Each structure stands twice: as C-alpha cells, then as structure tokens.
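Single-structure report; data block below.
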Amino acid sequence: MRGRSTPQMSFGDGFIDPALYALNDELRAVDSLLSDRTLLRPLEKMFDPTMGRPGTPVDVYVRMLFLKFRYGLAYEEVEQEVRERISWRFFCHLSLMDAVPDATTLIKLNQRLGEDRIRALNKRLVKHLITAKKIKPRKIRIDSTTLETHISYPTDLGLVHQVVKTLTESAKKAGQKIASHVRSTKRALAQMGAVLKSKSKDGKQQIHKTLKRVSLLAKDTVEQFSAAVSTVHRANKSPVVKRLTEQRDLAKRILEQIDQRLAGRDSIPERIVSMHDPEARPIRRGKLAKPNEFGRTMQLTQDQSGLLLDYVIQHGNPNDKTKLIPQLERFISLFGGPPTEAATDKGYYTPENIATLGELGVRRVSIAKIGRLTPHEHRHQRARWFKRLQRFRCGIEAAISMLKRCFMLGDIRVRGSTATSVWVGWAILSFNLWNFS
6 MRGRSTPQMS FGDGFIDPAL YALNDELRAV DSLLSDRTLL RPLEKMFDPT MGRPGTPVDV
66 YVRMLFLKFR YGLAYEEVEQ EVRERISWRF FCHLSLMDAV PDATTLIKLN QRLGEDRIRA
126 LNKRLVKHLI TAKKIKPRKI RIDSTTLETH ISYPTDLGLV HQVVKTLTES AKKAGQKIAS
186 HVRSTKRALA QMGAVLKSKS KDGKQQIHKT LKRVSLLAKD TVEQFSAAVS TVHRANKSPV
246 VKRLTEQRDL AKRILEQIDQ RLAGRDSIPE RIVSMHDPEA RPIRRGKLAK PNEFGRTMQL
306 TQDQSGLLLD YVIQHGNPND KTKLIPQLER FISLFGGPPT EAATDKGYYT PENIATLGEL
366 GVRRVSIAKI GRLTPHEHRH QRARWFKRLQ RFRCGIEAAI SMLKRCFMLG DIRVRGSTAT
426 SVWVGWAILS FNLWNFS
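Laid out in structure tokens, this is it:
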C-alpha cells in the first residue's frame with residue numbers, strides 16, 4: 006500500500022468533457038472531508054513508505070469503501086462501478102490511466118486494518134468535526150439494536166447437517182478422504198420438512214428419532230475427521246492443522262449440545278446456532294414480527310446533529326440496564342466531560358442509573374420509568390423538558406433504520422466477530438460522512 010493518490014489528471018483525461026467529472030453535492034462534501042490528510046494519517050503509518058511495491062493508496066481504499074456501504078454494493082460491484090463511472094473515478098482520485106483496485110484487494114486490506122483501526126478512524130472523524138466546530142455534543146441519545154448475522158434459521162437437524170458437510174469438505178481439501186454422510190443428513194432435513202408440513206400428532210417423536218439417528222452419523226464423521234487431522238499433523242502442515250482442529254472442537258461442542266437436546270434440555274446457555282459463525286447467539290427482543298434473531302447486539306450513542314459518536318458491539322444480548330453507565334463513561338473519556346442532557350428508552354431505567362448519571366454530571370436525564378408512577382414521578386415525566394427529550398430520543402430509531410436499510414447493517418454478509426466489527430465500523434463511518442454531506 007506504499008504510495009499516495011493524486012487528483013491530478015492524466016493525458017487521456019484532457020479529451021473528456023469536464024462535465025463528466027462533476028460530482029454531486031453529496032460526493033463533493035464527502036470529498037472535502039476526506040481530503041484532510043490528518044484524518045487518514047494513522048492508516049498511512051501502517052505501511053512502510055520505502056519498502057515493498059506501490060499498492061493501493063489509503064485514500065483510494067477509504068473512498069471506495071464509502072461508495073460500497075453508501076450505495077449497498079458488493080465488492081465486485083463497487084470495483085466495476087468505479088471502473089465505469091468517470092465521476093466515481095474522480096471521487097476516488099483515479100485518472101483514466103490508473104488501475105482500479107480489485108475486490109480481493111479491498112477484502113485483504115479490510116483484514117489487515119482490523120476493527121481497532123476502523124474504530125479509531127471513526128473517532129478521528131468525530132474529533133475532526135468537533136475541532137472544526139461543526140458539532141457540539143451536549144445532548145445525546147442512547148439505544149441498542151440487533152446485528153443479524155447472515156445464516157440460515159438454525160435447527161438441530163440443520164446444525165448436524167452443517168457439521169457433517171463442513172468436516173467432509175474440509176477433509177477433502179486437506180487431501181484426506183472420509184466416509185460421507187452428507188446425503189443421509191440432507192435426506193433427513195427433507196423428511197423433517199415433510200413431517201412439519203403434515204402436522205401429524207407424532208411429528209415430534211419422528212423428528213426426535215431422526216435427530217438421534219443422524220447425530221450418530223455426525224459422531225462417526227467427527228471420529229474419522231479426528232484421524233484425518235492426526236495424519237495431516239504428522240505432515241507438519243501447521244496452518245492447516247490449526248484450522249482443522251478448530252473445526253473439530255467446534256463440531257464436538259455442537260454434538261454435545263445435540264445430546265443435551267435429545268436428553269430433553271431446552272435451555273442451553275451459550276447455545277451455538279451456526280457452524281460457520283459460532284460466536285452468533287440467539288436474541289429475543291420482544292418483536293412480534295421477528296421474535297427470534299441471531300447474531301450480536303450493538304449500543305449506539307448519537308448527538309443532536311445526527312452524528313453517531315460511539316458504538317459498542319456486544320456478545321449475545323446483555324440487559325440494557327447494565328450498559329447505560331459504561332456507555333456514558335466512554336462518552337466522558339472520549340470528549341473530556343459529560344453531556345448536558347441524555348435520553349434513552351425504558352429498557353435502561355433503574356433508580357441507580359438515574360442517580361449515577363446525576364453524579365457523573367448530566368443535568369437532565371429523560372428515561373421513562375417502567376411500571377406504576379408515584380405522584381412525584383408522574384409530575385416529573387410530564388415536565389416539558391422531559392417530554393422534549395423523549396421526542397428527541399425517538400430520532401435514534403430513524404438513524405438505526407437508515408443504517409439497516411441504506412448502509413448494509415440489515416444484511417451483514419460476513420461471519421465472525423472481527424469481520425462483523427470491521428463491517429459495522431465502515432457502515433457507521435459511511436453514515437457519518439453522508440450525514441455531513
């Protein structure tokens with residue numbers, strides 16, 4: 006990634022009508038923000054300026070990732086659009102003579118940068134806007150939302166099928182052959198679908214018998230796979246052995262979970278819902294249309310300008326009541342002091358939280374109480390400033406909706422906590438850049 010981009014035109018650009026290079030108002034404003042070299046300097050320091058061959062400049066990479074998340078494009082699509090649209094080439098500081106970074110390059114750079122640097126880039130953008138006096142975060146609202154991972158709806162039979170299929174394919178790629186039970190587990194899935202459609206009285210018993218039978222096939226697959234891992238280990242293929250060992254251990258955990266289900270245990274803590282994303286967890290948030298979601302949760306902090314100041318991705322679905330004070334303490338550490346006003350929904354309410362916010366220096370706290378109100382609490386919640394802050398709180402729901410509908414947080418096409426954090430970081434950075442365009 007050595008080298009820096011330049012908006013200087015090449016010889017061939019001089020034969021193109023300048024109107025074709027014109028940026029719309031949004032891209033022009035984003036281009037102005039990203040033109041500040043101090044914003045991207047921490048990313049540039051990752052790469053040695055003298056060693057290695059010239060690669061993709063940091064600002065070209067950042068601009069292409071903004072276009073991807075702003076317009077909901079796949080990596081291959083953003084590569085093609087930047088190659089074909091002259092105005093997007095100009096926005097990315099690429100002339101007609103420059104090569105467009107391909108999709109695999111963007112993916113590899115994401116993996117190299119990691120979640121911490123993307124989070125730091127978001128913080129630098131927020132502080133840059135504060136320094137430029139474009140925002141003054143004095144009034145904030147906090148809310149949480151679900152980050153759904155891109156997996157099929159989990160069932161016990163489906164998990165067994167994933168185990169058998171994944172281990173069989175991995176063994177084949179490692180040059181080891183094991184007995185394949187993939188067709189048997191796939192047939193069992195089809196039979197389960199037929200039983201569920203028939204709505205027969207003994208349907209649960211049939212599914213239980215089928216699950217018990219295919220779990221034995223999965224255990225046989227794990228045993229053969231373990232022998233294959235030992236064979237590969239003797240060949241001293243350490244990177245391959247590490248990956249295969251992780252898959253074997255995960256498969257054993259899933260089969261232990263299936264045994265608990267067969268024993269009649271319905272509630273399993275830290276239940277695995279996917280072989281491909283083992284860190285995703287089932288989440289229930291009381292939604293009528295979607296009672297069960299699978300993935301992670303996220304805490305968001307937003308100010309009155311609409312800028313997303315901070316975000317925290319959480320494992321599973323912890324209680325919001327326990328996350329309010331840590332979220333405010335993060336705000337104080339980031340900006341050097343507490344906000345003047347804060348508003349959240351009822352899920353964050355506890356008397357202890359209200360008292361602690363006051364001790365931390367928040368003058369006005371608008372959190373509606375759950376349950377019956379005393380006369381004093383009733384007068385407090387009917388105060389004009391309290392209702393004004395509650396109306397202000399509702400605005401974060403619109404931001405969450407925009408993130409999911411327009412910035413690709415509604416369909417996260419990566420798996421694993423690290424990849425999800427990088428994806429979320431780019432989505433929030435793109436949202437903030439768009440918000441100030």
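Numbering (our numbering), first residue to last: 6 to 442.
C-beta atoms are modelled at their ideal positions from N, C-alpha and C, and glycine is treated no differently.
Keep in mind the model is a prediction, meaning the values are calculated, not measured.
- Where R369 falls: helix, strand or coil (DSSP): Indexing the sequence shown from 1 puts residue 369 at position 364. In the three-state reduction of the DSSP assignment, R369 falls in the strand class.
- Message: I'd like to know if L101 contacts chain D, where contact means its C-beta is closer than 8 Å to some C-beta of that chain.
- Response: Checking the listed chains, one finds no chain D in this structure; it contains a single protein chain.
- Task: Could you pull the start and end residues of the alpha helix (DSSP H) that G208 belongs to?
- Result: Stepping through the sequence shown from its first residue, residue 208 is reached at position 203. 208-239 is the span of the alpha helix (DSSP H), which, as asked, contains G208.
- In the region 385-413, which residue ranges form an unbroken alpha helix (DSSP H) of at least 4 residues, counting only runs that do not cross its ends? Restricting attention to alpha helix (DSSP H) runs no shorter than 4 residues, the region 385-413 encloses them at 389-398, 400-411, ordered along the chain.
- Got a sec? Which residues, its chain only, sit under 7 Å from D107 by beta carbon, not counting five neighbours each side? Indexing the sequence shown from 1 puts residue 107 at position 102. Here D107 has E84 as same chain residues with Cβ atoms under 7 Å from its own Cβ, once five neighbours each way along the sequence are excluded.
- 8 Å contact criterion, which T154 and A285 should meet: CB distance rounded: The sequence position of residue 154 within the sequence shown is 149, counting from 1. The sequence position of residue 285 within the sequence shown is 280, counting from 1. 4 Å between Cβ atoms; contact.
- Task: Over the uninterrupted alpha helix (DSSP H) stretch that includes Q262, give me the two end residues.
- Result: Locating residue 262 in the sequence shown gives position 257, counting from the first residue. Annotation for Q262: the continuous alpha helix (DSSP H) segment containing it runs 243-267.
- Query: Can the beta-carbon of D36 be found less than 8 Å from the beta-carbon of F96?
  - Reply: On the sequence shown, position 31 is the one that residue 36 refers to. On the sequence shown, position 91 is the one that residue 96 refers to. Taking C-beta atoms as the reference points, D36 and F96 count as a pair closer than 8 Å.
- What is the DSSP secondary structure of R290, counted as helix, strand or coil? Along the sequence shown, one-based indexing puts residue 290 at 285. Residue state for R290 is assigned as coil, using DSSP reduced to three classes.
- Length of the line joining the Cα atoms of G342 and E49: For the purposes of this step, residue 342 is taken as the residue at position 337 of the sequence shown. For the purposes of this step, residue 49 is taken as the residue at position 44 of the sequence shown. Straight across, the Cα-Cα distance linking G342 with E49 is about 30 Å.
- Query: With which residues is I273 paired in a DSSP beta bridge?
  - Reply: Position 268 of the sequence shown, counted from the first residue, corresponds to residue 273. In the DSSP assignment, no residue is bridged to I273.
- K73, enclosing alpha helix (DSSP H) - first and last residue: The residue given as residue 73 occupies position 68 in the sequence shown. Annotation: the continuous alpha helix (DSSP H) that includes K73 extends over 63-76.
- Taking three-plus beta-carbon pairs below 8 Å as touching, is the region 368-384 in contact with the region 171-189? With the cut-off at 8 Å, the region 368-384 and the region 171-189 do not touch.
- For F299, the residue or residues it bridges with in DSSP: Here residue 299 refers to the residue found at position 294 of the sequence shown. BP columns for F299 point to P287.
- Item | Same chain, Cβ closer than 6 Å to I288, neighbours up to 5 away in sequence not counted | Here residue 288 corresponds to residue number 283 of the sequence shown, with the count starting at 1. Cβ neighbours of I288 beyond the five flanking positions: T151, E298, N322.
- Between V219 and T190, which are expected to be in contact by the criterion C-beta below 8 Å, what is the C-beta distance as a whole number of angstroms? On the sequence shown, residue 219 is found 214 positions in, with the first residue counted as 1. On the sequence shown, residue 190 is found 185 positions in, with the first residue counted as 1. Distance from V219 to T190 at the Cβ level is roughly 5 Å; contact confirmed, criterion being Cβ atoms closer than 8 Å.
- Item | Residue from T355, Q196, A125, I359 whose Cα sits closest to the Cα of E346 | Position 341 of the sequence shown, counted from the first residue, corresponds to residue 346. The alpha carbon of E346 has as its nearest neighbour, out of T355, Q196, A125, I359, the alpha carbon of I359.
- Determine contact between the region 103-120 and the region 331-341, defined as no fewer than three beta-carbon pairs at a distance below 8 Å. No, because fewer than three Cβ pairs between the region 103-120 and the region 331-341 fall closer than 8 Å, the two stretches do not touch.
- Task: Just tell me which of R248, K224, S310 has its CA closest to the CA of S443.
- Result: Outside the modelled stretch of the chain, which goes from 6 to 442, sits residue 443, for which no answer is possible.
- Query: Looking at C-beta atoms only, is the number of pairs between the region 268-286 and the region 303-315 that lie closer than 8 Å three or more?
  - Reply: Verdict: no, contact absent.
- Message: Check whether the region 115-129 and the region 423-430 touch, using three or more Cβ-Cβ pairs below 8 Å as the test.
- Response: Cβ pair count under 8 Å is three or more, so yes.
- Item | For L164, the three-state DSSP class (helix, strand or coil) | Along the sequence shown, one-based indexing puts residue 164 at 159. In the three-state DSSP reduction, L164 falls in the helix class (H, G or I).
- Whole angstroms is fine: what's the gap from S279's alpha carbon to Y353's? For the purposes of this step, residue 279 is identified with residue 274 of the sequence shown, where counting begins at 1. For the purposes of this step, residue 353 is identified with residue 348 of the sequence shown, where counting begins at 1. Going by the C-alpha atoms only, they are around 30 Å apart.
- Task: Can you say whether I145 is buried or exposed, counting buried as having 16 or more other CB atoms within 10 angstroms of its CB?
- Result: Taking the first residue of the sequence shown as position 1, residue 145 is located at position 140. Buried, because 16 or more other Cβ atoms sit within 10 Å of the Cβ of I145.
- Item | Span of the alpha helix (DSSP H), counted from its first residue to its last, around Y80 | Within the sequence shown, residue 80 is the residue found at index 75, counting from 1. Judged by DSSP secondary structure, Y80 falls within the alpha helix (DSSP H) whose first and last residues are 80-89.
- Item | Under the three-state DSSP convention, the category R377 falls into | What you label residue 377 is simply residue 372 of the sequence shown in a count that begins at 1. The answer is coil: DSSP assigns R377 none of H, G, I, E or B.
- Message: Can you find the residues in the same chain that come closer than 7 Å, C-beta to C-beta, to V246, ignoring five residues on each side of it along the sequence?
- Response: Here residue 246 refers to the residue found at position 241 when the sequence shown is read from its first residue. Cβ neighbours of V246 beyond the five flanking positions: V234, V237, H238.
- Go through its chain and collect everything with a Cβ distance to G300's Cβ below 7 Å, but skip five positions before and after it. Counting from 1 along the sequence shown, the entry for residue 300 is found at position 295. These residues qualify, in order along the chain: T151, L152, E153, T154, A285, I288.
- Message: If the criterion is Cβ atoms closer than 8 Å, does the pair Y66 and L114 meet it?
- Response: Translated into positions along the sequence shown, residue 66 becomes position 61. Translated into positions along the sequence shown, residue 114 becomes position 109. Yes, they are a contact pair.
- Query: Taking DSSP as the reference, what is the three-state secondary structure of D30?
  - Reply: Against the sequence shown, residue 30 aligns to sequence position 25. Here DSSP, grouped into helix, strand and coil, assigns D30 to helix.
- How about I183 and T226: are their beta carbons less than 8 Å apart? Within the sequence shown, numbered from 1, the residue matching residue 183 stands at position 178. Within the sequence shown, numbered from 1, the residue matching residue 226 stands at position 221. Yes. Within cutoff.
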